[in-house]
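**Q**
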Amino acid sequence: AQKVTQVQSTGSSQWGEVTLHCSYETSEYFYVILWYKQLFSGEMVFLIYQTSFDTQNQRNSRYSVVFQKSLKSISLVISASQPEDSGTYFCALSEPSMNYGGSGNKLIFGTGTLLSVKP
Amino acid sequence: DTTVKQNPRYKLARVGKPVNLICSQTMNHDTMYWYQKKPNQAPKLLLFYYDKILNREADTFEKFQSSRPNNSFCSLYIGSAGLEYSAMYLCASSNRREVFFGKGTRLTVV
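As given, the protein sequences belong to chains A and B, one line each in that order. Going by our numbering, the first residue of the first sequence is number 124, and it counts up by one from there. Going by our numbering, the first residue of the second sequence is number 160, and it counts up by one from there.
Printed below as a string of structure tokens:
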């Protein structure tokens, strides 16, 4: 079963507000959801994160999230979208991992959403 | 400085030959990850270190090895490269909240 699910693609017009959706599965009490943009070079650029303990939606510049903890859903909102925002956006779940007797946080990605912002 | 550095940026390898990729970070993060990324696919977690403890995924357990001689440095080792190993390899480090990625190493196996 997919732990992190994203819609395949979406579009927007310049200066509009874009919302990208992500849903996830976890039974952990503490976890973190992170959003990344993948550049054409393949580089993953960190955008914003939200922890399960955060009571307010996080914001970082033009990026914000809408966190619906009870639904295990989180959306990335990009305000004043620009053509340069076009690309693939990944949602990732960070949760504790106890594989092989180890510890630390495992980071699991969704399949990404391709965003196209038209001028 | 939130830089994660990966070397080399591009690597060409022959089938059956070993490959060693290098990653470093200076943020004193306790966790370092290695991912394999192929086009139109989600980044696939290969393994990660929490401090000195190595966690490897079940389906890649025997294909990839790693070492972390100190907190800043982590390597990914492929003993015998196959054509299917051609991909972007991404290293990341984390303080359990933020996770920062390097620019990646593009490996092509011929």
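Every residue, glycine too, gets a C-beta built ideally from N, C-alpha and C.
Check the DSSP bridge columns for His144/A and list the partner residues they point to.
**A** In the first sequence, counting from the first residue as 1, residue 144/A sits at position 21. BP columns for His144/A point to Ser198/A.
**Q** Please say whether Thr185/B and Ser231/B have beta carbons closer to each other than 9 Å?
**A** Here residue 231/B refers to the residue found at position 72 when the second sequence is read from its first residue. Here residue 185/B refers to the residue found at position 26 when the second sequence is read from its first residue. Yes, they are a contact pair.
**Q** Kindly indicate if chain B contains any beta-carbon less than 9 Å away from that of Phe213/A.
**A** Residue numbering aside, residue 213/A sits at position 90 when the first sequence is read from its first letter. Closer than 9 Å to some Cβ of chain B, the Cβ of Phe213/A qualifies, so yes.
**Q** I need the straight-line Cα distance from Tyr273/B to Gln131/A, nearest angstrom please.
**A** There is no way to answer for residue 273/B, as the model of chain B reaches only from 160 to 269.
**Q** Is there a Cβ of chain C sitting closer than 9 Å to that of Lys262/B, yes or no?
**A** This model lacks chain C altogether, as its protein chains are A and B.
**Q** Counting contacts by CB-CB distance shorter than 9 Å, is Gly210/A in contact with chain B?
**A** Here the question's residue 210/A lines up with position 87 in the first sequence. By this cut-off, Gly210/A is not an interface position.
**Q** For Pro177/B, which residues in the same chain have their Cβ closer than 6 Å to its Cβ, ignoring the five residues on either side in sequence?
**A** Here residue 177/B is taken as the residue at index 18 of the second sequence, counted from 1. Its chain contains Gly238 as the residues whose beta carbon lies nearer than 6 Å to that of Pro177/B, once the 5 sequence neighbours on both sides are disregarded; these appear in chain order.
**Q** Quick one: which residues of the segment 199-216 of chain B get their C-beta closer than 9 Å to a C-beta of chain A? List them in chain order.
**A** Those residues of the segment 199-216 of chain B that come within reach of chain A (Cβ to Cβ, closer than 9 Å) are Asn199, Gln200, Ala201, Pro202, Lys203, Leu204, Phe207, Tyr208, Tyr209, Asp210, Ile212, Leu213, Asn214, Arg215, Glu216.
**Q** Measuring CB to CB, does Phe176/A end up less than 9 Å from Trp158/A?
**A** Translated into the one-based positions of the first sequence, residue 176/A becomes position 53. Translated into the one-based positions of the first sequence, residue 158/A becomes position 35. No. Outside cutoff.
**Q** Out of Leu180/B, Lys203/B, Arg256/B, point me to the one whose CA is closest to Phe232/A's CA.
**A** In the first sequence, the residue the question calls residue 232/A occupies position 109. Closest option to Phe232/A, Cα to Cα, is Lys203/B.
**Q** So which residues on chain B does Leu157/A lean against when the C-beta distance must stay under 7 Å?
**A** Mapped onto the first sequence, residue 157/A falls at position 34. Going along chain B in sequence order, the residues near Leu157/A (Cβ under 7 Å) are Val258.
**Q** Does the beta carbon of Glu247/A come closer than 9 Å to any beta carbon on chain B?
**A** Within the shown structure, residues of chain A are numbered from 124 to 242, placing residue 247/A beyond reach of any answer.
**Q** Check whether the Cβ of Asn228/A lies closer than 9 Å to any Cβ atom in chain B.
**A** What you label residue 228/A is simply residue 105 of the first sequence in a count that begins at 1. For Asn228/A, a Cβ of chain B is located within less than 9 Å of the residue's own Cβ.
**Q** Compare the Cα-Cα distances from Leu242/B to each of Leu205/B, Gly175/B, Gln165/B, Asn229/B and report the closest residue.
**A** Residue mapping note: residue 242/B aligns to position 83 of the second sequence, counting from 1. The shortest Cα separation from Leu242/B among Leu205/B, Gly175/B, Gln165/B, Asn229/B belongs to Gly175/B.
**Q** In the DSSP assignment, find the beta strand (DSSP E) that holds Phe220/B and state where it starts and stops.
**A** The count along the second sequence starts at 1 and reaches residue 220/B at position 61. Counting along the chain, Phe220/B falls outside any beta strand (DSSP E), and DSSP gives it neither H nor E.
**Q** Our contact map puts Ile201/A next to Val141/A with C-beta atoms below 8 Å; I'd like the distance itself, whole angstroms only.
**A** Here residue 201/A refers to the residue found at position 78 when the first sequence is read from its first residue. Here residue 141/A refers to the residue found at position 18 when the first sequence is read from its first residue. That pair is a contact at about 4 Å.
**Q** For the candidate residues Val258/B, Ala246/B, Glu257/B, Phe260/B, whose alpha-carbon lies nearest to that of Lys170/B?
**A** Numbered from its first residue, the second sequence carries residue 170/B at position 11. Nearest of Val258/B, Ala246/B, Glu257/B, Phe260/B to Lys170/B, Cα basis: Ala246/B.
**Q** Per DSSP, Val163/B is paired with what?
**A** Here residue 163/B is taken as the residue at index 4 of the second sequence, counted from 1. Per DSSP, Gln184/B.
**Q** What separation, rounded to the nearest whole angstrom, lies between the Cα atoms of Gly224/A and Val189/A?
**A** On the first sequence, position 101 is the one that residue 224/A refers to. On the first sequence, position 66 is the one that residue 189/A refers to. Residue placement at Gly224/A is flagged as unreliable, the pLDDT there being 49, under the threshold of 50; the coordinate-derived value follows with that caveat. Gly224/A and Val189/A: Cα-Cα distance of roughly 35 Å.
**Q** Label Ser184/A either buried or exposed according to how many other C-beta atoms from any shown protein chain fall within 10 Å of its C-beta, with 16 as the threshold for buried.
**A** For the purposes of this step, residue 184/A is taken as residue 61 along the first sequence, with counting starting at 1. So Ser184/A counts as exposed.
**Q** If you measure from the beta carbon of Asp189/B to each beta carbon in chain A, is any gap under 9 Å?
**A** To locate residue 189/B, count along the second sequence from 1; it is residue 30. Closer than 9 Å: yes.
**Q** Could you check how far apart the C-beta atoms of Leu266/B and Tyr244/B are, in whole angstroms? I think they sit under 8 Å.
**A** Along the second sequence, one-based indexing puts residue 266/B at 107. Along the second sequence, one-based indexing puts residue 244/B at 85. About 6 Å; that satisfies the 8 Å criterion.
**Q** Just to confirm before moving on: does the CB-CB distance between Ser187/A and Ser209/A stay below 9 Å?
**A** On the first sequence, residue 187/A is found 64 positions in, with the first residue counted as 1. On the first sequence, residue 209/A is found 86 positions in, with the first residue counted as 1. No, Cβ-Cβ distance for Ser187/A and Ser209/A is not below 9 Å.
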